[in-house]
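Count along the sequence shown from 1, add 33, and you get the number used in my numbering. The beta-carbon is built from N, C-alpha and C at its ideal position, and this holds for glycine as well.
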Amino acid sequence: MELQDSIDVVKNIGLSRAKQLNKMGIATVEDLIEYFPRSYEDRSRFTSIDNINIGEVNNFKAKVFAKPESMRARALTIVKARLYDGSGYIEGVWYNQPYMKNVLIPGKEYVFTGKVTEKFGRLQVENPDFEPFSQNSLNTGRIVPVYTVPSKMSQKTIRGCVKNAIDGVCREINEFMPENILKERRLCCRSYAVNNIHFPESDDAFFRARRRLVFEELLMLQMHLLQLKGNVTGKKSSIGIKDYDASPLLAALGFELTKAQENVIGELFCDLRNGTVMNRLIQGDVGSGKTAVAMTLAYVLIKNGYQAVLMAPTDVLANQHYKNISRIFEALGIKCALLTSALKRREKNDAYENIAKGEAQMIIGTHALIQEAVAYHNLGLVITDEQHRFGVRQREELAMKGKDPHVLVMTATPIPRTLALILYGDMDISIIDALPPGRKKIDTFAVDHNYSKRLYAFVKKEIAKGRQAYIICPMIEEDDKSELKSVLAYTCELKEKIFPELRVECIHGKMKNEEKQEIMSLFEKGNIDVLVATTVIEVGIDVPNASVMIIENAERFGLSALHQLRGRVGRGSEKSYCILVSDAKNKTSVERLKTMCRTNDGFVISEKDLELRGPGDFFGTRQHGLPEMKIANLYKDIDILKEAQQSAISLYKTDEKLKKTENKLLKIRISQLFERKIKKICL
Ligand code: ADP
Ligand code: MG
34 MELQDSIDVV
44 KNIGLSRAKQ
54 LNKMGIATVE
64 DLIEYFPRSY
74 EDRSRFTSID
84 NINIGEVNNF
94 KAKVFAKPES
104 MRARALTIVK
114 ARLYDGSGYI
124 EGVWYNQPYM
134 KNVLIPGKEY
144 VFTGKVTEKF
154 GRLQVENPDF
164 EPFSQNSLNT
174 GRIVPVYTVP
184 SKMSQKTIRG
194 CVKNAIDGVC
204 REINEFMPEN
214 ILKERRLCCR
224 SYAVNNIHFP
234 ESDDAFFRAR
244 RRLVFEELLM
254 LQMHLLQLKG
264 NVTGKKSSIG
274 IKDYDASPLL
284 AALGFELTKA
294 QENVIGELFC
304 DLRNGTVMNR
314 LIQGDVGSGK
324 TAVAMTLAYV
334 LIKNGYQAVL
344 MAPTDVLANQ
354 HYKNISRIFE
364 ALGIKCALLT
374 SALKRREKND
384 AYENIAKGEA
394 QMIIGTHALI
404 QEAVAYHNLG
414 LVITDEQHRF
424 GVRQREELAM
434 KGKDPHVLVM
444 TATPIPRTLA
454 LILYGDMDIS
464 IIDALPPGRK
474 KIDTFAVDHN
484 YSKRLYAFVK
494 KEIAKGRQAY
504 IICPMIEEDD
514 KSELKSVLAY
524 TCELKEKIFP
534 ELRVECIHGK
544 MKNEEKQEIM
554 SLFEKGNIDV
564 LVATTVIEVG
574 IDVPNASVMI
584 IENAERFGLS
594 ALHQLRGRVG
604 RGSEKSYCIL
614 VSDAKNKTSV
624 ERLKTMCRTN
634 DGFVISEKDL
644 ELRGPGDFFG
654 TRQHGLPEMK
664 IANLYKDIDI
674 LKEAQQSAIS
684 LYKTDEKLKK
694 TENKLLKIRI
704 SQLFERKIKK
714 ICL
């Protein structure tokens, strides 16, 4: 039997089981042995019948005392068997399994696992799992694996299949991890790991097995990413900086930088001074003032004769950046240009020309910045804002537009540390860990639709005080199957019935760019009181006078999105509020909303998000384009991740392409793994 054989070669897997397994994504023998258990049950310890715990699941070893009896009660067939272990008796009961009568052999010893009850003073165990007692049984008397299976397939069946597959290929489970890594990280060998992850000999064996497999999965992922990215920090930079004086800009900003901002700027300048290409991620919660930090760096590069580019994920945000940055930069004599796909042909051509000639020094835009037609003059710095909205590839493409420009990446979605390590494993990380002074905590409440009236009254009160409000709806078109309020219908209702005396407008993704701009600038000027919006305003938007954020159908948003949306308020000196409206009752939704009410800390929220959604989902919805993990848990395995990352980096440094003999097997393994998945990975 070979690892790549189709699973029907495995003993006891016929066509119908093969089909069921295929549906679970298991096609080959290798898929099956790498179909790791979801959890385990410890059935390794036996209880004697006189010590049995009533109301709980017990493991016990007993003989069948007499021939089982079968009887009928209405539509049920009931088989009962008296079991005895020397310390006492218990009755085994099976419903609608008439064959049990002939399966259980009197006098023979079995191991049983099941919930024990007491009925009419007698002990009873209903539908227990059982197996003839033997030293190496699969389903009882040991730590047994529990797999995710479709309802038609029993745990016993899949356990048997996995066992047969492992036995069939045992000699093929070869080691591919280089010897020195195994030694250095004190990892067990692969065949031991595979055996013990499914059928652990002991707790300790399980932990060793799991650690090895998690390490292996993360090491290969890291290595693959490093190879794709093709660079580890430390490349020599040809960009020369002579003048570090940013004081004219700092004076023009209109506020004092926070200590946290200053620290990060210090780190950026350090990067410039040490002569290597900067490759840095700035994490800072919403509203922490990342833009000012980026502007300071851009200012220095520009003053030294280079161009700087800032790429944002949405038109709305690019326009906002352009407006704010150019207002300050132009006053300091720096020429700015905007480039988005929404520009008219002529405007675009003008922008291209200005950029190519180097007349534009600070260039701000969207994805349009990485189009082929754009040629830069003397690109020294590329900044991506809200990086989590882009793929890794786009960051690279932008950097490739210049000759090793410095790269600065900013993100507000505080990516959990584990994820940051994977996604930005090749970057240095700076954190802006404080908000500008004077910010008040945003009070957050979760309410259901019964509160609508009070909510509307509250909005009116805030607006009477001179504030503005956002109301977020998850969708833009009426969807009559669900009860989602459409932005359009809802806006009408608000305009005509609820807030007839207020200025209500809406903004959504299907609108033309100019219309969006128009609405945003009216809102910024305070000429709109209530802005009904979809998530087009999720990231970046900065209107300090807005103090109320209402999120309808809040259960439809992930935690990170909710946090981003909430970050649109609380940007000025006024007290701000976020109200999450939801009728959802399911546990995850409720917990999500509770988390939002409890904390304003983006890092806490993102960790919780990852925990609630699971890493697969986290990757999936955020479209990071990374494969789903088979065994590693990105929430819990941070320590192993760090080790794997160190190993990957040193491996990459010594043998980038894995050409050395001792690394060949690993190379093959990585390419097999990602070749199959490469179509799914959109890096
Ligand atoms: P984010 O980190 O979410 O991108 P911004 O850069 O948009 O945050 O900044 C949020 C708001 O805080 C902006 O209005 C900005 O002008 C203001 N701001 C930034 N830094 C400071 C500071 N040090 N003191 C006061 N206000 C600041
Ligand atoms: Mg921002």
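- In this structure, the C-beta of K356 stays at least 7 angstroms away from each heavy atom of the ligand MG.
- Judged by their CB atoms, L613 and A587 are nearer to each other than the 8 angstroms cut-off.
- The DSSP-derived three-state label of Q316 is strand.
- The continuous stretches of alpha helix (DSSP H) do not include N666, and DSSP gives it neither H nor E.
- As DSSP reads the structure, R105 sits in a beta bridge with T110.
- In the three-state reduction of the DSSP assignment, Q130 falls in the coil class.
- Under the three-state reduction of DSSP, L283 is assigned to helix.
- E547 and L564 do not touch by the CB rule: their CB atoms are close to 17 angstroms apart, not below 8 angstroms.
- Residue range 142 to 152 is occupied by the beta strand (DSSP E) that includes G147.
- Three or more beta-carbon pairs separated by less than 8 angstroms link the region 268 to 287 to the region 309 to 318, which places the two stretches in contact.
- The Cβ atoms of A325 and L334 do not sit closer than 8 angstroms to each other.
- Under the DSSP assignment, T417 falls in the beta strand (DSSP E) whose first and last residues are 412 to 417.
- About 15 angstroms separates the beta carbons of G47 and D38, which is beyond the 8 angstroms limit, so they are not a contact pair.
- The criterion of a C-beta distance shorter than 8 angstroms is not satisfied by L116 and F153.
- Per DSSP, I574 is not a residue of any beta strand (DSSP E), being assigned neither H nor E.
- With respect to D83, G125 sits apart: the two C-beta atoms are not nearer than 8 angstroms.
- Secondary structure note for E74: its beta strand (DSSP E) is the uninterrupted segment 72 to 75.
- Exclusion of the five residues before and after P438 leaves L412, G413, L414, V415, A432 as the residues of its chain whose Cβ lies within less than 7 angstroms of its Cβ.
- With 16 or more other Cβ atoms inside 10 Å of its own Cβ, R76 counts as buried.
- D418 has its CB nearer than 7 angstroms to a heavy atom of the ligand MG.
- Here S639 is buried: its Cβ has 16 or more other Cβ atoms, across all protein chains shown, within 10 Å.
- At the C-beta level, A370 and A393 come within 8 angstroms of one another.
- Pairing L252 with A677 gives a Cβ-Cβ distance under 8 angstroms.
- Assigned with DSSP and collapsed to three states, F302 falls in helix.
- Residue environment analysis places N172 among the buried positions, since at least 16 neighbouring C-beta atoms fall within 10 angstroms of its C-beta.
- Measuring C-alpha to C-alpha distances from H596 to each of K608, N633, V581 identifies N633 as the nearest.
- The beta carbon of A406 sits no closer than 7 angstroms to any heavy atom of the ligand MG.
- Counting along the chain, K94 sits inside the beta strand (DSSP E) bounded by residues 90 to 97.
- By DSSP's assignment, Y610 forms a beta bridge with D476, V581.
- Pairing L330 with L301 gives a Cβ-Cβ distance under 8 angstroms.
- The three-state reading of DSSP puts S485 in helix, counting H, G and I together.
- N135 and A99 have their C-alpha atoms some 12 angstroms from each other.
- The alpha-carbon of I403 is positioned some 12 angstroms away from that of I388.
- For T628, the enclosing alpha helix (DSSP H) covers residues 620 to 631.
- Taken in chain order, the whole beta strand (DSSP E) runs of length 3 or more contained in the region 315 to 392 are 340 to 344, 369 to 372.
- Exclusion of L215 from the 7 angstroms shell around the ligand ADP follows from its C-beta lying no nearer than that to any non-hydrogen atom of the ligand.
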